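Chemist: If you're matching positions, the sequence shown starts at 18 in the working numbering and goes up one per residue.
Just so it is clear, CB atoms sit at the ideal spot from N, CA and C, and this is done for glycine as well.
Just so you know, these numbers come straight off a predicted model, no measurement behind them.
What follows is a single structure, and I will ask about it in a moment.
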Amino acid sequence: MSVELKAVQALDLWRGAIVESVRRDAPDLSARQMALLLTVYLIPPPHTVRGLAAHLNVSKPAITRALDRLTEYGLIKRKVDDHDRRSVLIQRTVKGSVFLREFGDIIATAASAAEAGTANPKGDAV
18 MSVELKAVQA
28 LDLWRGAIVE
38 SVRRDAPDLS
48 ARQMALLLTV
58 YLIPPPHTVR
68 GLAAHLNVSK
78 PAITRALDRL
88 TEYGLIKRKV
98 DDHDRRSVLI
108 QRTVKGSVFL
118 REFGDIIATA
128 ASAAEAGTAN
138 PKGDAV
């Protein structure tokens, strides 16, 4: 299989997962918000604004804006570091864990549909 074909298949898998996610009654996250959320949940803590900005190579104000929105959705929470009261730690929440588990299920379903070659009439992953 050519690299180009693999890239197209990967993009179609991602498209199918994104299409399904926006149809659900869940927050519609930007790419930056999703990258930040995945980083907080998949990379071991502790997480700070400074550390996340460095890890993602994004400005601290951009991280802060994304964290504000994720906090509004209840997907993450902020907590003052007990060891350094000047620092704020970014923490996971149950709601965020459930959101990402469900998003992972959407991706897995889209991957299974792609492997089986099935799609619904609109061309979306089943």
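Valine 143 to arginine 109, Cα distance in whole Å?
Modeler: With a pLDDT of only 43 at valine 143, under 50, the local geometry of the prediction cannot be trusted, and no value is derived from it.
Chemist: For the beta strand (DSSP E) containing alanine 54, list its first residue and its last residue.
Modeler: In the sequence as presented, alanine is not what sits at residue 54; that position holds leucine. That residue, leucine 54, is in no beta strand (DSSP E); its alpha helix (DSSP H) goes 48-59.
Chemist: Decide if valine 57 is buried, meaning its Cβ has at least 16 other Cβ atoms within 10 Å, or exposed.
Modeler: buried
Chemist: What is the DSSP secondary structure of arginine 82, counted as helix, strand or coil?
Modeler: helix
Chemist: What is the rounded straight-line gap between the Cα of serine 76 and the Cα of arginine 67?
Modeler: 9 Å
Chemist: Compare the beta carbon distance of tyrosine 90 and proline 62 with 8 Å and say whether it is the shorter of the two.
Modeler: no
Chemist: Look at the Cβ atom of isoleucine 80, then the Cβ atom of alanine 70, and state whether they are nearer than 8 Å.
Modeler: yes
Chemist: Can you tell me where the beta strand (DSSP E) with arginine 40 in it begins and where it stops?
Modeler: Taken as a continuous stretch (DSSP letters only), arginine 40 belongs to no beta strand (DSSP E), being part of the alpha helix (DSSP H) at 20-40.
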